[in-house]
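J.: Quick one: structure below, then a few questions.
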Ligand SMILES: [Zn+2]
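Structure (C-alpha cells):
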C-alpha cells in the first residue's frame with residue numbers, strides 16, 4: 001500500500017470505526033508510514049493518542065497486529081475498548097485459562113483477529129514464535145518500549161530479546177512506542193531493538209490540558225480537602241503520598257469527609273490491590289491514595305486530578321505521575337503541596353542511603369532540578385519542557401505562576417539574618433527553632449541554650465513565622481543551607497555559597513509565596529460537567545445511562561463512551577441517527593450498539609425540559625471535516641492544488657502587503673469574520689504565521705489558546721464554548737486563526 005492510499009483509508013477507518021473526525025499531531029504521518037511497511041519509533045506523551053498509531057495500520061494491512069505489552073491491566077483495558085468498537089481483539093497472558101488460550105491461538109491461525117496483545121515472556125516462547133510462523137502478521141507493535149532500557153525503572157529483561165522479531169520476520173513492519181522523553185533512553189531503544197533504520201517521530205511532551213500548581217505546604221490534608229471540595233467534588237483522581245502509612249491515613253481522612261477514597265500500596269495483599277484498582281477503573285469519581293506503585297498501566301482517561309501530598313523524587317517522576325491526569329484531553333489538574341520538611345526529608349533520604357557516591361550525586365542533581373521547578377517564578381510548563389530539552393516555548397497561561405505571577409523581592413538582608421542565625425546558634429537546629437529565635441520568642445529550650453542572648457535574637461520581626469519558613473525553604477532549595485544528616489536534621493551553612501551573601505558581595509532574590517488560600521481568581525468550575533442546570537441534568541442522565549450500559553457488560557464506563565463524547569451530546573443535542581453520527585466517538589459499531597439508547601435519553605430529557613433556544617450547528621459529517629484527503633464538491637472554497645481558493649489568496653496578498661483585517665474587510669466589502677476565516681485557512685496551509693494574522697499580545701494568544709483547549713479535544717468545530725468563556729471579547733474569526741495555528745503546531 002502506498003502512502004497516499006494509506007492516508008485516505010486511514011482517515012476512513014478513523015471516522016467509521018473510531019468515530020473521530022481527524023487525526024491529531026503526527027498520527028496520520030506515522031500511520032501512513034507503518035501501513036506502508038516502514039519501521040517507526042514513536043515518542044509521544046501520555047494521552048497523545050499513541051495506540052491509534054499501531055491499531056489503524058494493523059487494520060489497514062492484511063493479517064493480525066501483534067502488540068507486545070508488559071502491562072496486563074493495560075492489555076485488558078485496550079482489548080475491551082477495541083471490542084466496543086466492533087473490532088476483533090484478544091490478549092494472551094497468564095490470567096487466561098488454558099482452554100481460553102487455545103481458543104485465542106485458534107482465532108489467530110484462522111485469521112480471525114485484528115489485534116492480539118501479548119506479554120513479552122509469552123511472545124518469546126518457542127511455541128508462540130512457531131505459532132506466529134503459521135499466522136499472517138500485519139505488524140509488530142512494541143508498547144512501552146523504554147522497558148528495554150537497563151537504566152530505567154521499568155526494565156524488563158525480555159524486552160532486550162525482542163530484536164528476534166526483526167531477525168525472524170524481516171519484512172513485517174515494527175513500531176516501537178514510548179512516553180519516555182529523554183534521549184539516552186531513545187538511543188538505547190534504537191540500539192537494542194535494532195531500529196537503526198526506523199523513522200523517528202518525536203512529539204512535543206507538552207500536556208496543555210493539565211494545569212500545574214505547586215502550593216506551599218501548611219496543613220496538607222486540609223489543603224487537599226479544600227482543593228477537592230472546591231474543584232473536584234465528584235471527580236476521579238489520584239493522591240500520591242511518600243509512605244504506605246500516609247496513603248492509608250489520607251484515604252481514611254478523605255472517606256471520613258465523604259469522598260470515596262481507597263488506599264493502594266505494595267504492602268496490601270494482591271486481592272485488595274486488585275479490588276481497589278477495579279473500583280477506581282469501573283466506578284466514577286473514585287479517589288486512589290497511593291504510593292508510586294500505583295499508576296503504571298492505568299489507562300483511565302478521565303482522571304481529573306493528580307495531587308501530590310509529598311514531593312516526588314524527580315522531575316521525570318513528577319511528569320510521569322501528573323501525566324496520568326486528563327488523558328482524554330479535557331481539563332485536568334496537577335496539584336502539589338511542598339514545604340521545607342519535604343526538602344529536608346528527601347535530602348536526608350539520599351544522603352543517608354547506602355548507594356555509592358556517583359549515584360547519590362545523580363539523585364541530588366535530580367532533586368535540585370525538581371526544587372528548581374517548585375521555586376521557580378517562571379512558567380512551570382516552560383521549566384518542565386526545558387528539562388526535557390524542549391526550549392523556547394511561550395509562557396503557557398495555564399499554570400499557577402502564569403495565572404498568579406509570583407512577586408520577587410531583594411532578599412539579601414533577610415537571607416543574611418537567616419544565615420547568621422544558623423551560625424549564632426551553632427548550626428544544630430531546625431527551621432522552627434531558628435524562626436523563634438529570629439522572632440524573639442524565648443521558649444524554654446531557647447533559654448536553656450542561652451540563645452535568647454545571641455545577636456540575632458528578635459532581629460526578624462519584619463516577617464511572620466510562615467514567611468521565615470519560606471525563606472529557609474528557599475535557601476535550602478538553593479543549596480545555601482545543608483541539612484545535617486548525622487545529627488537530627490539541623491540546618492548548616494554551605495560556606496562556599498553563603499560567604500558572598502553574608503559579606504554583601506552578592507544579592508539574592510526571593511519569591512513571596514502567594515497567599516493562595518484567599519486567591520479565588522484561579523479557581524474554575526469543576527469539569528467537565530456543565531455549569532448550566534438544564535445541561536447538567538442531561539449530563540447526569542447520560543452518565544447514568546453510560547453506567548448501566550457499562551455494568552451490563554462488566555466494562556469500565558469510559559470504554560463505552562468517553563466524557564468528551566457525552567459533552568458533545570449535551571452541546572449539540574442530536575435528534576436522529578444521522579445527527580448522532582456526527583458526534584465524535586460514534587463509529588459504526590457504537591452507533592449501532594448504543595445509538596437508540598442515547599437518542600431515547602436525549603428525547604426523554606427534551607420532553608421534560610424542552611429544547612434549548614440556542615444550539616450550535618452540528619459538526620459536519622466526519623469524512624468531510626478533514627482537508628485534502630477527502631475533498632468533496634461540498635468544499636467549495638478549495639480550488640486547485642495549492643489548497644487555497646482565489647478569494648483566500650487575495651486576502652493573503654493584502655495581509656502580506658501590510659493591510660489590517662479591518663482595512664481588507666472594508667476594501668473587499670466583506671465582513672471581518674470572513675477575512676479572519678480566510679486567514680485561518682492560510683495558517684492551516686502553512687502560508688501565514690499567526691502573528692501576521694492577528695494583532696494580539698502573547699498573553700492574549702495564550703488566553704485564547706487556553707480557552708480553546710478547554711473544548712473537548714475531539715470536537716474541534718466547537719468554538720462557541722471558547723467564545724463564551726472569553727466573554728465574547730474576541731471575534732470567532734480570531735479564535736479560528738488561533739485554533740488553526742494550534743493545529744499546525746501539532
Ligand atoms: Zn505557565
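Residue numbers (full-length UniProt numbering): 1 to 746.
Ideal placement from N, C-alpha and C gives every residue a C-beta, glycine not left out.
#1: With DSSP run on the structure shown, which of helix, strand or coil describes residue 231?
#2: Are three or more beta carbon pairs between the stretch 209 to 226 and the stretch 332 to 342 nearer than 8 angstroms?
#3: Is it the case that the stretch 346 to 359 contacts the stretch 283 to 302, given that we only count it when at least three CB pairs across the two stretches are under 8 angstroms?
#4: Check whether the Cβ of residue 709 lies closer than 7 angstroms to any heavy atom of ligand 2, and answer yes or no.
#5: Which same chain residues end up closer than 8 angstroms to residue 725 when comparing Cβ atoms and leaving out the 5 residues on each side of it in sequence?
#6: Please tell me whether residue 558 and residue 300 are closer than 8 angstroms, where the distance is taken between their beta carbons.
#7: In terms of residues, what are the limits of the alpha helix (DSSP H) holding residue 60?
#8: With DSSP collapsed to three states, give me the class of residue 308.
#9: Which one or two residues does DSSP pair with residue 199 in a beta bridge?
#10: Alpha carbons only, please: which of 578, 614, 658 is nearest the one belonging to residue 621?
#11: Check this for me: beta carbons of residue 326 and residue 303, under 8 angstroms apart or not?
#12: Should residue 433 go down as buried or exposed, given a rule of 16 or more other Cβ atoms within 10 Å for buried?
#13: How long is the line joining the alpha carbons of residue 321 and residue 646, rounded to whole angstroms?
#14: Between residue 192 and the rest of its own chain, which residues show a CB-CB distance below 6 angstroms, the 5 nearest in sequence each way excluded?
#15: Checking 8 angstroms against the spacing of the C-beta atoms, do residue 419 and residue 501 come in under that value?
#16: Can the beta-carbon of residue 311 be found less than 8 angstroms from the beta-carbon of residue 370?
#17: Pull the bridge partners of residue 482 from the DSSP assignment, please.
#18: Based on the DSSP secondary-structure assignment, which residues constitute the bridge partners of residue 117?
#19: Compute every distance between the C-beta of residue 401 and the non-hydrogen atoms of ligand 1, then say whether any falls below 7 angstroms.
#20: Give, in chain order, every unbroken run of the alpha helix (DSSP H) that is at least 4 residues long and sits entirely within the stretch 676 to 705.
#21: What residue range is occupied by the uninterrupted alpha helix (DSSP H) comprising residue 432?
#22: Is it the case that the stretch 379 to 398 contacts the stretch 455 to 474, given that we only count it when at least three CB pairs across the two stretches are under 8 angstroms?
#23: Let me check you understand the geometry: is the CB of residue 395 closer than 7 angstroms to at least one non-hydrogen atom of ligand 1?
#24: Does the stretch 22 to 29 come into contact with the stretch 61 to 79, if we say contact requires no fewer than three beta-carbon pairs (one atom in each stretch) closer than 8 angstroms?
#25: Does the distance from the CB of residue 51 to the CB of residue 29 come in under 8 angstroms?
#26: What three-state label does DSSP hand residue 396 in the structure shown?
#27: Helix, strand or coil: which one does DSSP assign to residue 672?
#28: In chain order, what residues of the same chain have a beta carbon less than 7 angstroms from the beta carbon of residue 498, not counting five sequence neighbours either side?
#29: Going by alpha carbons, who is nearest to residue 438 out of 427, 426, 454?
#30: Mind checking whether residue 367 and residue 348 have CB atoms under 8 angstroms apart?
#31: Leaving out five residues before and five after residue 173 in sequence, what residues of the same chain have Cβ atoms less than 7 angstroms from its Cβ?
#32: Whole angstroms is fine: what's the gap from residue 667's alpha carbon to residue 679's?
#33: Assuming the contact rule is C-beta atoms closer than 8 angstroms, residue 789 and residue 115 should be a hit. Round their C-beta distance to whole Å, please.
#34: What are the complete beta strand (DSSP E) segments, minimum 3 residues, inside the stretch 502 to 589?
#35: Looking only at its chain, what residues have a beta carbon closer than 7 angstroms to the beta carbon of residue 741, apart from the 5 residues adjacent to it on each side?
T.: In brief:
#1: Here residue 231 carries a helix assignment [DSSP, helix/strand/coil].
#2: Segments in contact, yes.
#3: Two segments are said to touch when three or more pairs of C-beta atoms, one from each, lie closer than 8 angstroms; by this definition the stretch 283 to 302 does not touch the stretch 346 to 359.
#4: Among the ligands modelled here, namely ligand 1, ligand 2 does not occur.
#5: Here the set comprises 707, 710.
#6: A contact, by the Cβ cut-off of 8 angstroms.
#7: Under the DSSP assignment, residue 60 falls in the alpha helix (DSSP H) whose first and last residues are 52 to 60.
#8: Residue 308: strand per DSSP, three-state reduction.
#9: Under DSSP, residue 199 forms a beta bridge with 40.
#10: Minimum Cα distance to residue 621 is reached at 578.
#11: Yes; because the gap between Cβ atoms is below 8 angstroms, this pair is in contact.
#12: Residue 433 should be labelled buried.
#13: If you take the alpha carbons of residue 321 and residue 646, they lie about 50 angstroms apart.
#14: So the list reads 148, 160, once near-sequence residues are dropped.
#15: Contact flag set, yes.
#16: Yes, the Cβ-Cβ distance between residue 311 and residue 370 is below 8 angstroms.
#17: DSSP lists 492 as partners of residue 482.
#18: Residue pairing for residue 117: DSSP places it in a beta bridge opposite 67, 91.
#19: Flag set: Cβ of residue 401 near ligand 1.
#20: Those alpha helix (DSSP H) runs which fall completely within the stretch 676 to 705 and span 4+ residues are 690 to 693.
#21: Per DSSP, the continuous alpha helix (DSSP H) segment holding residue 432 begins and ends at 431 to 439.
#22: The answer is no - the stretch 379 to 398 does not touch the stretch 455 to 474, with fewer than three Cβ pairs under 8 angstroms.
#23: Yes, the Cβ of residue 395 comes within 7 angstroms of a heavy atom of ligand 1.
#24: Fewer than three beta-carbon pairs drawn from the stretch 22 to 29 and the stretch 61 to 79 are found closer than 8 angstroms, and the two stretches are therefore not classed as touching.
#25: Residue 29 sits away from residue 51, with the two beta carbons spaced by 8 angstroms or more.
#26: When secondary structure is reduced to three states using DSSP, residue 396 falls in the coil class, being assigned neither helix nor strand.
#27: The DSSP-derived three-state label of residue 672 is helix.
#28: Apart from the 5 residues on each side of it in sequence, residue 498 sits with its Cβ closer than 7 angstroms to the Cβ of 419, 480 in its chain, given in chain order.
#29: Residue 438 has its Cα closest to that of 454, out of 427, 426, 454.
#30: No, the pair does not count as a contact, with Cβ atoms beyond the cut-off.
#31: Counting only Cβ-Cβ distances below 7 angstroms, and skipping sequence neighbours, we find 34, 37, 38, 39, 139.
#32: Counting only the Cα atoms, residue 679 lies some 16 angstroms from residue 667.
#33: Any question about residue 789 goes unanswered here, given that the chain covers just 1 to 746.
#34: Whole beta strand (DSSP E) segments, 3+ residues: 509 to 512.
#35: Within its own chain, the residues whose Cβ lies closer than 7 angstroms to the Cβ of residue 741, once the five positions on either side in sequence are excluded, are 683, 690, listed in chain order.
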